[in-house]
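Positions 26 to 314 (our numbering) are the ones given, in order, by the sequence shown. Cβ atoms here follow ideal geometry from the backbone N, Cα and C, with glycine treated the same way. The structure presented is a predicted model; accordingly, all values stated were derived computationally and were not measured. These notes concern the structure reproduced below.
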Amino acid sequence: MMVKRNALGRGLGALIDDANKMQEGAGINEIELSKIEANPFQPRTKFDEEALAELTDSIKELGLIQPITIRKIGDDKYQIIAGERRFRASQLAGLNKIPAYVRKAKDDTMLEMALVENIQREDLDAIEVALSYQRLMEELEYTQEELSSRVGKKRSTIANYLRLLRLPAVVQKGLIEKQISMGHARAIINIDDSETQIMIFEQIVKHGFSVRKVEEIVRDLNAEEGKTASKTTKRKFPKEFQIVKTQLDKTFSTRIDFSMNNKGKGKITIPFTSKKDLERIVKIIENQK
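Here it is, written out as structure tokens:
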């Protein structure tokens, strides 16, 4: 449970060094839980109940090994800067007092420390991380370069998280609820059309597509979109059938021809180049039965 100093990351370490300059008292203080209130800037919107229960059991057996960080906001009144999960678990464990570092910090410093501590040391879902980065940029007016330096993450990493916030709400919700992975989401974001993004998401949930499979689908869809000869057809062709066509192309190792009229009627044509190629296609169809 005790976190080694080098696990804090360059970003958080720099913040704590800054905060040390404003520290009220040296060492760790035992603070009554009744005098501590939650952090209004807490980026975490939910806490994993099972993980919280495990931490509670650990605290009951060993006590709180890693102190939380708080700031004084009045006479005998404190507010959490970092460590709300530990605070909640200590409440559930029935503790009256917990060890804490007491610091003075302005609201912007408090927000930054809470967000960075959660990004680097808590297991936030990807959307919560993205929202944390967005808040740091909007509320503290950081550029991506400045934020990269502050939190010790590559600019490209930050950019990839921020791009997730452009996904439709239903896809973001699926990522939060672990219906899809970060890899799936990063592949979907490369499609410009939101309807197609949602359709691909639904296909992933329905069929359990791997990240590599989704990357192939997205790559093929983008390649099809780039073909000027098929632009007129695609304006009339429902988006969901583009994925079906891509899958059939791969299944039969040939370019399947789809056609459809305005009433929704049409046909699927599977071309073959020789008798042997036809036998190959027939065998594939028979194996699908």
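Within the 8 Å Cβ cut-off, does E57 reach chain D? This model lacks chain D altogether, as it is built from one protein chain only.
Quick check on DSSP: helix, strand or coil for K300? helix
According to the Cβ coordinates, are V239 and I229 closer than 8 Å? yes
Through-space distance from T134 to D42, alpha-carbon basis: Note that D42 scores a pLDDT of 49, beneath 50, so its modelled location is shaky; the value from the coordinates is reported in the next line. Straight-line Cα distance between these residues: approximately 12 Å.
Whose C-beta lies closer than 7 Å to the C-beta of R211 among residues of the same chain, with five residues either side of it excluded? N185
What are the partner residues of P124, as DSSP defines its beta bridges? E55
Taking DSSP as the reference, what is the three-state secondary structure of A63? DSSP places A63 in coil when its eight states are reduced to three.
Cβ atoms of R96 and K60: under 8 Å apart, would you say? Against a cut-off of 8 Å, the Cβ pair of R96 and K60 comes out as no contact.
Give the single residue among I123, R237, K203, R188 whose Cα lies nearest to the Cα of D217. R188
Go to K97, then tell me how far its beta strand (DSSP E) extends in each direction, as first and last residue. 93 to 99
Limits of the unbroken alpha helix (DSSP H) element including T279: Run containing T279: none; DSSP gives neither H nor E here.
For G199, report the span of its alpha helix (DSSP H) as first-last. 194 to 201
Minimum C-alpha distance to P65 - residue among E75, E241, P296, I106: I106
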